[in-house]
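Be aware that the sequence shown starts at 108, since it is given in the numbering used here, and climbs by one per residue.
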Amino acid sequence: MKVDPQQLIDDGYIVLRQVVPPDQLEGLRTNFETLVEKQKIVWERERKPDEKPGGVWTTSAQPRVFFDEVVDAATANTVEFCLHENTLGVSQQLMRAPEAAITLMALMCNPVQDHGPASWHRDIDPTVQAPLKGMQRDYIKNGPGYVQWNIPLYDDSVFWLVPRSYCRPNTPEEHEHLLTRAQEPMPGGIPIELSAGDGVVYSHMGLHWGSNYSTKLRRTVHLGYRAFGGDSYPIVDHFYWNLGFTQHLPAEARARFEHFFQLHQQQSDIIEVTFHAIRDRDAEGFRDGLAKLHPGEEERMVAVVFLSKLANKVHTLKDPEVSKLSIEERIGAISAHRLNFHLYENFAHRFSTEAAESIWQRFSTLYEKIEAEITQSVPDRTSRVMRYQLTDMPANFGVEDFIQSW
Numbered sequence: 108m109k110v111d112p113q114q115l116i117d118d119g120y121i122v123l124r125q126v127v128p129p130d131q132l133e134g135l136r137t138n139f140e141t142l143v144e145k146q147k148i149v150w151e152r153e154r155k156p157d158e159k160p161g162g163v164w165t166t167s168a169q170p171r172v173f174f175d176e177v178v179d180a181a182t183a184n185t186v187e188f189c190l191h192e193n194t195l196g197v198s199q200q201l202m203r204a205p206e207a208a209i210t211l212m213a214l215m216c217n218p219v220q221d222h223g224p225a226s227w228h229r230d231i232d233p234t235v236q237a238p239l240k241g242m243q244r245d246y247i248k249n250g251p252g253y254v255q256w257n258i259p260l261y262d263d264s265v266f267w268l269v270p271r272s273y274c275r276p277n278t279p280e281e282h283e284h285l286l287t288r289a290q291e292p293m294p295g296g297i298p299i300e301l302s303a304g305d306g307v308v309y310s311h312m313g314l315h316w317g318s319n320y321s322t323k324l325r326r327t328v329h330l331g332y333r334a335f336g337g338d339s340y341p342i343v344d345h346f347y348w349n350l351g352f353t354q355h356l357p358a359e360a361r362a363r364f365e366h367f368f369q370l371h372q373q374q375s376d377i378i379e380v381t382f383h384a385i386r387d388r389d390a391e392g393f394r395d396g397l398a399k400l401h402p403g404e405e406e407r408m409v410a411v412v413f414l415s416k417l418a419n420k421v422h423t424l425k426d427p428e429v430s431k432l433s434i435e436e437r438i439g440a441i442s443a444h445r446l447n448f449h450l451y452e453n454f455a456h457r458f459s460t461e462a463a464e465s466i467w468q469r470f471s472t473l474y475e476k477i478e479a480e481i482t483q484s485v486p487d488r489t490s491r492v493m494r495y496q497l498t499d500m501p502a503n504f505g506v507e508d509f510i511q512s513w
């Protein structure tokens with residue numbers, strides 16, 4: 108399947124027909140249903156005392172199965188589909204990258220009772236990633252480092268989006284809509300009508316909406332892919348899986364995931380060296396590392412902001428008091444997800460407490476400038492909508508200014 112990467116840049120999404128080969132659709136439906144039943148058993152076992160029987164399955168508006176957690180040898184085709192030319196291959200084309208890897212494998216399901224519409228949103232938080240315009244300019248100038256998919260196994264028109272909204276901040280009208288009518292159709296929004304096996308690949312930075320979480324049967328494969336070696340440093344640079352699950356896969360598929368993990372380790376090696384260059388005030392070493400992580404010469408400062416967020420996580424995890432906390436509390440301390448926390452903790456093990464402290468200090472001026480932007484533009488940090496208002500990168504503070512700030 109061939110695609111035009113420029114279409115994703117122009118519109119922020121592409122609809123593709125028969126992403127699931129027709130001869131695979133019934134087999135995938137059957138095996139995904141097996142995985143749903145396995146996950147329901149897990150949710151029942153994990154339900155809290157105050158939850159209804161069934162736990163997440165009976166309470167969530169959109170039960171979501173991370174199917175790598177329940178896959179077995181008999182259902183391995185569900186994971187193999189994520190490696191198909193129509194998914195991984197298309198993602199690599201769109202990101203124009205020498206390598207691509209899967210970050211996320213999930214199945215979105217219908218609830219057991221009507222929950223109605225969700226709220227319009229963007230799948231980003233500029234206050235914990237980077238200012239919105241910086242991420243958007245990076246995407247436009249250097250191409251996407253991450254793409255997201257919805258691939259329904261049954262006809263689906265739940266997903267709406269606002270074309271081209273990924274590359275600009277919210278308009279005043281959109282901002283007001285998000286604050287007052289977030290669960291209603293938005294001007295400019297369109298439904299994405301997908302037949303069983305079709306797919307939509309899109310920028311997760313765009314405004315989008317789950318228009319109706321009803322009891323109508325919904326089994327929609329939700330995937331994320333990141334680039335390795337592309338011109339930008341991916342907004343989503345981590346995996347929501349670990350290698351343990353690959354024991355259930357055929358040898359060829361297992362080898363693909365081992366390769367993905369190796370690519371991530373190689374990136375971690377580069378970041379480690381780059382962090383030590385920052386600590387040692389080695390400007391040339393830092394420039395070299397940054398160029399490897401973000402080969403595109405424009406908008407490299409966005410990658411520096413991403414690195415500052417990682418340095419903050421390492422600094423937090425190396426705090427002796429944080430290290431005493433439970434894993435759930437440590438996950439919360441760095442605002443991670445239970446499925447990617449192990450990558451952050453493993454990376455933090457590469458640094459001593461003293462090194463983590465001095466590296467974080469090198470980012471202090473940048474941190475203060477970002478905080479000043481947040482204070483000025485985000486009146487309520489608890490509001491997801493308000494956090495989209497962090498749009499501007501620090502003024503007159505580029506890579507060389509960052510180096511001078513050490």
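Where a beta carbon is used, it is the ideal one built from N, C-alpha and C, also for glycine.
| Item | Value |
| --- | --- |
| Return helix, strand or coil for glutamate 291, following the three-state DSSP convention. | coil |
| Along the beta strand (DSSP E) that carries glutamine 255, what are the first and last residues, could you check? | 253 to 259 |
| Considering just the uninterrupted stretch of the alpha helix (DSSP H) at tyrosine 451, what are its terminal residues? | 448 to 455 |
| Under 8 Å Cβ to Cβ from glutamate 192, same chain only, skipping five residues before and after it: list those, please. | Met108 |
| Just to confirm before moving on: does the CB-CB distance between aspartate 305 and arginine 124 stay below 7 Å? | yes |
| Between the region 109 to 128 and the region 242 to 253, are three or more C-beta pairs nearer than 8 Å? | yes |
| Count the other C-beta atoms from every protein chain shown that fall within 10 angstroms of the C-beta of alanine 362, then say buried if there are 16 or more, exposed otherwise. | exposed |
| Which stretch, first to last residue, makes up the alpha helix (DSSP H) that contains isoleucine 209? | Looking at the DSSP string, isoleucine 209 is not in any alpha helix (DSSP H); the run it does join, the beta strand (DSSP E), is 206 to 216. |
| I'd like to check one pair, asparagine 217 with arginine 325: are the Cβ atoms closer than 7 Å? | yes |
| Let me confirm a value: isoleucine 434 is counted as buried when at least 16 other C-beta atoms fall within 10 Å, else exposed. Which label applies? | exposed |
| Would alanine 204 and phenylalanine 173 be called neighbours here (beta carbons separated by less than 7 Å)? | no |
| Measure the alpha-carbon distance for leucine 314 versus valine 127 and round it to whole angstroms. | 26 Å |
| On the three-state DSSP scale, how would you describe proline 279? | helix |
| Rounded to whole angstroms, what's the CA-CA distance from aspartate 117 to lysine 431? Just pull it up for me. | 48 Å |
| Mind checking which residues open and close the alpha helix (DSSP H) that includes arginine 394? | 390 to 400 |
| Between the region 413 to 427 and the region 448 to 458, can you find at least three pairs of beta-carbon atoms closer than 8 Å? | yes |
| Taking Cβ to Cβ, would you say arginine 491 is nearer than 7 Å to valine 485? | no |
| Glycine 446: which of Leu142, Pro160, Leu201 and Leu211 sits nearest, CA to CA? | Contrary to the premise, residue 446 reads as leucine rather than glycine in this sequence. Looking at the Cα atoms, Leu211 is the closest of the given residues. |
| Under a Cβ-count criterion, where at least 16 other Cβ atoms within 10 Å of its own Cβ denotes burial, should glutamine 483 be classed as buried or exposed? | exposed |
| Return the Cβ separation of serine 310 and aspartate 245 in integer angstroms, given the expectation that the two are a contact with Cβ distance under 8 Å. | No, serine 310 and aspartate 245 are not in contact; Cβ-Cβ is about 12 Å, not under 8 Å. |
| Nearest to aspartate 389 by CA position, among Arg469, Leu301 and Pro160, is which residue? | Arg469 |
| Are the CB atoms of leucine 239 and threonine 498 within a distance shorter than 7 Å? | yes |
| Which of the three DSSP states, helix, strand or coil, is assigned to glycine 306? | strand |
| Can you have a look at valine 178 and say buried or exposed, based on whether 16 or more other CB atoms are within 10 angstroms of its CB? | buried |
| Within the chosen definition, does the region 289 to 305 reach the region 264 to 273 through at least 3 CB pairs nearer than 8 Å? | yes |
| Please list, in chain order, all residues of the same chain as valine 506 whose beta carbon is under 8 Å from its beta carbon, the five residues on each side excluded. | Arg394, Leu397, Arg407, Met408 and Val411 |
| Could you tell me if arginine 288 is buried or exposed, where buried requires 16 or more neighbouring beta carbons within 10 angstroms of its beta carbon? | exposed |
| Check for me: the alpha helix (DSSP H) holding valine 197 runs from which residue to which? | 197 to 202 |
| Does DSSP put threonine 498 in a helix, in a strand, or in coil? | coil |
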